[in-house]
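S.K.: To convert, note that position 613 of the sequence shown is 613 in UniProt numbering; the numbers rise steadily by one, no gaps.
Please see the structure below; I have some questions.
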Amino acid sequence: MPTATATPKAMIHQRYGAKAVYRVDEVREAVDGVCPGLALPQSTRCVYRCQLDIPGVLSVSTPGTFARKKDAEQAAAQIAIEKLGIQPTSNIPNTPEEAWKELIRRISRFFTEENFPTSYHPLVGHLSVTLRRTGDLLGKLPISAIVACDVKVHILCKIIDPKAEFDPLLVLSMIYNAAKQSLGVSVSSRNLWIQSQRPYSPEAVDLALQRWSGISDPIRVEAVLIPCVMEDEPKMVSLNISENEHYMGDIASKLSATDSSHVLVSRTVDKASPEMRFYFPAPDVQFVSDLSKQLVDDRGDRNMNCVINKRASYISGQTIYGDAVLANVGYTRRDTELQTDHVNLCTYYRILLRKLPDGIYKISKDSILVAELPCVYTRTSWKGPSPRDLLCSFCRLQRLSEPHFAANGVSASCNVLVGSEEMGSPKATAGNQCANDGRIAKENPDMFKCSVKIYSKKRELLLEYSTDYSWSKETDAIQNSALKVLIWFNRYFKQLNTPVEKFYLPKSTDGFTIYPNIFLQEFAMCLSVYGKTSGGDSRTCNAVGYFSMDTSYQQLESSAFLTDIDGQDSGVFPSHGSLACISYSVHLFMKDSRTRYLLEVNNEFEFEIGAGAVRNQLESCATQLSVNQSACFVDQLSDRDLSLAAAGELLLI
Numbered sequence: 001m002p003t004a005t006a007t008p009k010a011m012i013h014q015r016y017g018a019k020a021v022y023r024v025d026e027v028r029e030a031v032d033g034v035c036p037g038l039a040l041p042q043s044t045r046c047v048y049r050c051q052l053d054i055p056g057v058l059s060v061s062t063p064g065t066f067a068r069k070k071d072a073e074q075a076a077a078q079i080a081i082e083k084l085g086i087q088p089t090s091n092i093p094n095t096p097e098e099a100w101k102e103l104i105r106r107i108s109r110f111f112t113e114e115n116f117p118t119s120y121h122p123l124v125g126h127l128s129v130t131l132r133r134t135g136d137l138l139g140k141l142p143i144s145a146i147v148a149c150d151v152k153v154h155i156l157c158k159i160i161d162p163k164a165e166f167d168p169l170l171v172l173s174m175i176y177n178a179a180k181q182s183l184g185v186s187v188s189s190r191n192l193w194i195q196s197q198r199p200y201s202p203e204a205v206d207l208a209l210q211r212w213s214g215i216s217d218p219i220r221v222e223a224v225l226i227p228c229v230m231e232d233e234p235k236m237v238s239l240n241i242s243e244n245e246h247y248m249g250d251i252a253s254k255l256s257a258t259d260s261s262h263v264l265v266s267r268t269v270d271k272a273s274p275e276m277r278f279y280f281p282a283p284d285v286q287f288v289s290d291l292s293k294q295l296v297d298d299r300g301d302r303n304m305n306c307v308i309n310k311r312a313s314y315i316s317g318q319t320i321y322g323d324a325v326l327a328n329v330g331y332t333r334r335d336t337e338l339q340t341d342h343v344n345l346c347t348y349y350r351i352l353l354r355k356l357p358d359g360i361y362k363i364s365k366d367s368i369l370v371a372e373l374p375c376v377y378t379r380t381s382w383k384g385p386s387p388r389d390l391l392c393s394f395c396r397l398q399r400l401s402e403p404h405f406a407a408n409g410v411s412a413s414c415n416v417l418v419g420s421e422e423m424g425s426p427k428a429t430a431g432n433q434c435a436n437d438g439r440i441a442k443e444n445p446d447m448f449k450c451s452v453k454i455y456s457k458k459r460e461l462l463l464e465y466s467t468d469y470s471w472s473k474e475t476d477a478i479q480n481s482a483l484k485v486l487i488w489f490n491r492y493f494k495q496l497n498t499p500v501e502k503f504y505l506p507k508s509t510d511g512f513t514i515y516p517n518i519f520l521q522e523f524a525m526c527l528s529v530y531g532k533t534s535g536g537d538s539r540t541c542n543a544v545g546y547f548s549m550d551t552s553y554q555q556l557e558s559s560a561f562l563t564d565i566d567g568q569d570s571g572v573f574p575s576h577g578s579l580a581c582i583s584y585s586v587h588l589f590m591k592d593s594r595t596r597y598l599l600e601v602n603n604e605f606e607f608e609i610g611a612g613a614v615r616n617q618l619e620s621c622a623t624q625l626s627v628n629q630s631a632c633f634v635d636q637l638s639d640r641d642l643s644l645a646a647a648g649e650l651l652l653i
């Protein structure tokens with residue numbers, strides 16, 4: 001009888017026992033199907049989200065909600081398993097020594113088991129290309145192909161040395177030295193090739209070549225080259241993959257590497273594109289057999305800082321050396337053909353945008369140039385991911401620990417505030433509150449406050465927020481506090497030109513406490529990417545520098561904001577707090593030309609008036625419009641990153 005697969009929660013219990021604490025929060029959410037515009041009570045249902053805390057290890061939360069409590073708990077446990085790299089098997093080593101022995105055995109199995117070429121392991125896809133070759137490269141694989149294909153190798157390397165999670169060069173060093181001790185495996189003393197010491201059986205080779213089909217026609221794949229020098233801008237490159245040629249060969253030529261064995265591979269960059277990775281040349285260092293030495297002295301601090309690619313390292317969360325190619329190409333278990341997809345500058349800038357505090361919100365609204373992170377949370381009018389989910393995603397993308405939310409009940413009094421669905425923001429007069437005190441005390445005997453703590457990857461506190469405001473519902477307290485923290489981070493990213501000593505106050509009057517040493521340490525790479533020194537330790541938040549649109553149109557010279565309203569006036573204008581729905585398009589006018597390019601279009605965009613959810617110019621324009629009216633205005637464009645993230649392929653109008 002087959003053994004039942006352990007559930008994620010059971011796997012966490014096996015590893016951590018009672019240390020793992022699950023907290024399930026009940027949330028009321030609107031049910032789809034309510035007719036818009038009708039003054040009917042909104043139908044809601046009860047759903048759950050879960051936070052899993054393992055003290056001293058990690059804290060994770062489910063990004064979404066679930067209909068059942070146990071589903072929320074299992075989802076939280078699964079997230080923890082993925083973050084910790086726990087495998088559903090019982091043979092995961094517990095010590096670095098055991099992991100080293102297992103790494104040697106695993107690499108040996110790749111090249112000594114006669115049946116391995118008949119498996120569906122993605123490494124066989126790479127191997128099948130080399131088996132079609134002739135000459136000296138027949139059967140030789142780049143060691144980095146193992147890095148790209150085998151998750152367990154990564155796990156073993158992290159057990160041997162936790163630094164391997166962030167350093168692909170260290171992973172390559174471990175595999176190289178393990179391969180030298182593996183029976184039946186041969187590695188080059190001059191290059192980074194790996195191969196079996198004896199040939200595979202003809203039957204296994206024939207089956208591998210039949211199953212993993214080769215390339216019949218050349219394939220052209222678009223990719224992005226990110227230069228190591230910050231002053232050089234990213235640019236498009238084309239990869240040309242030919243029959244019987246390994247795809248990393250053309251990448252090597254783009255990087256001016258010796259051959260494909262000298263190309264290193266990062267972990268995947270985007271979960272939605274499982275084969276999107278950075279490819280970069282291996283630095284000219286000598287690997288050593290003694291693991292206690294790891295790599296040669298000065299692995300990165302003194303001799304190699306000059307070649308670290310800060311932009312690629314910031315995106316991947318790993319140390320990337322030299323120029324890097326961002327490409328979406330590789331083999332998977334789901335298919336026996338080489339998987340490819342184009343990567344363009346829009347892809348690159350959207351990846352950068354997602355790492356900003358308001359980036360995921362903009363992308364979720366399909367409105368990169370117009371939408372802004374709202375300054376208030378109103379449950380009935382909020383569209384898109386909740387503030388709590390946005391903050392959790394931001395922390396994950398910045399390689400921080402999951403944010404810690406602590407919602408506490410407080411006694412109701414005439415000083416507390418009603419829920420955000422009633423007020424829209426935490427402001428109310430004492431007289432109004434005291435007049436309703438009896439109703440609140442009867443229906444909501446308790447109010448809620450929520451504090452938020454942000455920790456580094458090492459669980460070091462870098463920011464905490466507490467508030468005197470209270471809400472009638474726990475979920476409102478959590479969402480409003482999460483939004484406050486998001487707004488703080490957003491303000492920080494937009495004010496990097498503020499001198500550090502003025503920005504970091506030990507105690508802030510707005511409820512924030514910052515721990516500058518830890519904060520600067522965690523965001524050092526971020527500052528190196530977005531910061532541009534302009535004297536006096538001031539920094540400008542832009543990855544490629546400011547871009548100001550210039551035009552020869554006379555009206556732009558006289559005014560940066562013009563409104564031209566057309567259409568019949570119905571006499572009904574949107575008021576503060578109302579929900580407006582518009583369609584819009586954004587065009588780029590080029591210098592000294594009447595040519596325009598379509599950057600962004602949205603045929604159904606909803607936002608709350610007065611919530612700061614759109615650009616100020618657009619909201620000012622929208623409040624002057626009525627139903628079926630249209631208007632246009634012209635404004636200067638200062639952020640080229642956003643424009644490139646929105647544009648994709650510019651459409652000439």
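Yeah, the Cβ is synthetic: ideal placement off N, Cα and C, and Gly gets one too.
#1: Using the beta-carbon count (16 or more within 10 Å), is proline 426 buried or exposed?
#2: Between residue 664 and glycine 85, how many whole angstroms is the CB-CB distance? I'm expecting something under 8 angstroms.
#3: Looking only at C-alpha atoms, which of Thr623, Leu599, Glu600, Arg28 sits nearest to valine 572?
#4: Does the region 350–363 come close enough to the region 449–465 to have 3 or more Cβ pairs within less than 8 angstroms?
#5: Straight-line CA distance for phenylalanine 519 to serine 108?
#6: In this structure, does DSSP put leucine 397 in helix, strand or coil?
#7: Go ahead and label glutamine 294 buried or exposed: buried means 16 or more other beta carbons lie within 10 angstroms of its beta carbon, across all protein chains shown.
#8: Am I right that residue 654 and isoleucine 351 are in contact with their C-beta atoms under 8 angstroms? What's the rounded C-beta distance?
#9: Could you compute how far the alpha carbon of serine 242 sits from the alpha carbon of threonine 112?
#10: Taking its Cβ as the centre, do 16 or more other Cβ atoms sit within 10 Å of aspartate 550, making it buried, or is it exposed?
#11: Specify the secondary structure class of valine 24 as computed by DSSP and reduced to three states.
#12: If contacts are defined as beta-carbon pairs under 8 angstroms, then serine 481 and threonine 467 qualify, I think. What distance do you get, rounded to the angstrom?
#13: Using the C-alpha atoms, what's the distance from arginine 379 back to arginine 439?
#14: Nearest to valine 47 by alpha carbon, out of Lys69, Ile54, Pro55, Ser59?
#15: Strictly by DSSP, which residues pair up with asparagine 240?
#16: Please report the residue range of the alpha helix (DSSP H) in which valine 147 lies.
#17: What are the start and end residues of the beta strand (DSSP E) that includes cysteine 50?
#18: Name the residue from Gln51, Tyr16, Arg28, Leu353 whose alpha carbon lies nearest to the alpha carbon of histidine 404.
#19: In this structure, how does DSSP classify glycine 409 when only helix, strand and coil are distinguished?
#20: Measure from the alpha carbon of threonine 44 to the alpha carbon of each residue in Ala67, Leu58, Arg133, Ser313, then state which is nearest.
#21: Helix, strand or coil: how does DSSP classify serine 558 here?
#22: Beta-carbon within less than 6 angstroms of tyrosine 120's beta-carbon, same chain only, minus the 5 sequence neighbours each way: which residues are those?
#23: Pairs of beta-carbons, one from the region 589–601 and one from the region 614–622, closer than 8 angstroms: are there three or more?
#24: Only counting the same chain, and skipping five residues up and downstream in sequence, which positions put a Cβ closer than 8 angstroms to that of proline 96?
#25: Suppose you measure from the CA of aspartate 136 to the CA of alanine 178; what does that come to, to the nearest Å?
#26: Between the alpha carbons of phenylalanine 280 and serine 583, how many angstroms are there, rounded?
#27: Do isoleucine 219 and valine 325 have their C-beta atoms closer together than 9 angstroms?
#28: Which residues does DSSP list as the beta-bridge partners of arginine 277?
#29: So what's glutamine 195 in DSSP terms, helix, strand or just coil?
#30: When the distance is taken between beta carbons, is isoleucine 194 closer than 9 angstroms to serine 186?
M.R.: For this structure:
#1: Taking the first residue of the sequence shown as 1, we reach residue 426 at position 426. The predicted position of proline 426 is uncertain, since its pLDDT is 46 and thus under 50; no value can be drawn from it.
#2: Any property of residue 664 remains undetermined from this structure, which presents the chain solely from 1 to 653.
#3: Within the sequence shown, the letter at position 572 stands for residue 572. The option with the nearest alpha carbon to valine 572 is Thr623.
#4: Short answer: they don't touch.
#5: Taking the first residue of the sequence shown as position 1, residue 519 is located at position 519. Taking the first residue of the sequence shown as position 1, residue 108 is located at position 108. C-alpha separation (whole angstroms): 43 angstroms.
#6: In the sequence shown, residue 397 corresponds to position 397, counting from 1. It is helical.
#7: One-based indexing of the sequence shown puts residue 294 at position 294. Model confidence at glutamine 294 stands at a pLDDT of 42, short of 50, so the residue's coordinates are unreliable; what they give is reported in the following sentence. Buried.
#8: Given that the chain is displayed from residue 1 to residue 653, the structure contains no residue 654 and the question cannot be resolved.
#9: By one-based count along the sequence shown, residue 242 stands at place 242. By one-based count along the sequence shown, residue 112 stands at place 112. When rounded, the distance between both Cα atoms is 29 angstroms.
#10: Numbered from its first residue, the sequence shown carries residue 550 at position 550. Note that aspartate 550 has pLDDT 34, beneath the 50 cutoff, so the model's placement of it is unreliable and no number is given.
#11: One-based indexing of the sequence shown puts residue 24 at position 24. Strand.
#12: Working through the sequence shown from its first residue, we reach residue 481 at position 481. Working through the sequence shown from its first residue, we reach residue 467 at position 467. Yes, serine 481 and threonine 467 are in contact; Cβ-Cβ is about 6 angstroms, under 8 angstroms.
#13: For this step, residue 439 is matched to residue 439 along the sequence shown. For this step, residue 379 is matched to residue 379 along the sequence shown. Any reading at arginine 439 must be qualified, since the residue scores a pLDDT of 34, below 50, and its modelled position is unreliable; no value is offered.
#14: In the sequence shown, the residue the question calls residue 47 occupies position 47. Taking only the C-alpha atoms, the option nearest valine 47 is Lys69.
#15: Translated into positions along the sequence shown, residue 240 becomes position 240. Looking at the DSSP output, asparagine 240 bridges to Arg220.
#16: In the sequence shown, residue 147 corresponds to position 147, counting from 1. Under the DSSP assignment, valine 147 falls in the alpha helix (DSSP H) whose first and last residues are 143–149.
#17: On the sequence shown, position 50 is the one that residue 50 refers to. Where cysteine 50 is concerned, the enclosing beta strand (DSSP E) stretches over 44–54.
#18: Residue mapping note: residue 404 aligns to position 404 of the sequence shown, counting from 1. Out of Gln51, Tyr16, Arg28, Leu353, Gln51 has the C-alpha closest to the C-alpha of histidine 404.
#19: Position 409 of the sequence shown, counted from the start, is the residue given in the question as residue 409. Secondary structure at glycine 409: strand, using DSSP grouped into helix, strand and coil.
#20: Against the sequence shown, residue 44 aligns to sequence position 44. Minimum Cα-Cα distance from threonine 44 among the listed residues Ala67, Leu58, Arg133, Ser313 corresponds to Ala67.
#21: The sequence position of residue 558 within the sequence shown is 558, counting from 1. Note that serine 558 has pLDDT 35, beneath the 50 cutoff, so the model's placement of it is unreliable and the number below is only indicative. In the three-state reduction of the DSSP assignment, serine 558 falls in the helix class, which pools H, G and I.
#22: On the sequence shown, position 120 is the one that residue 120 refers to. Around tyrosine 120, the same chain offers Arg333 as residues with beta carbons nearer than 6 angstroms, after the five sequence neighbours per side are excluded.
#23: Put simply, the region 589–601 does not touch the region 614–622. Fewer than three CB pairs are less than 8 angstroms apart.
#24: Position 96 of the sequence shown, counted from the first residue, corresponds to residue 96. Excluding five sequence positions before and after proline 96, the CB atoms of its chain that fall closer than 8 angstroms to its own CB belong to Ile159, Ile160, Asp161, given in chain order.
#25: Stepping through the sequence shown from its first residue, residue 136 is reached at position 136. Stepping through the sequence shown from its first residue, residue 178 is reached at position 178. Aspartate 136 and alanine 178: Cα-Cα distance of roughly 23 angstroms.
#26: Start at 1 with the first residue of the sequence shown, and residue 280 comes out as number 280. Start at 1 with the first residue of the sequence shown, and residue 583 comes out as number 583. Each residue's alpha carbon lies about 43 angstroms from the other.
#27: Along the sequence shown, one-based indexing puts residue 219 at 219. Along the sequence shown, one-based indexing puts residue 325 at 325. Against a cut-off of 9 angstroms, the Cβ pair of valine 325 and isoleucine 219 comes out as no contact.
#28: Within the sequence shown, residue 277 is the residue found at index 277, counting from 1. The bridge partners DSSP lists for arginine 277 are Ala327.
#29: Counted from its first residue, the sequence shown places residue 195 at position 195. Correct three-state label for glutamine 195: strand.
#30: Residue 186 sits at position 186 when you count from the first residue of the sequence shown. Residue 194 sits at position 194 when you count from the first residue of the sequence shown. Cβ distance < 9 angstroms, so serine 186 and isoleucine 194 count as in contact.
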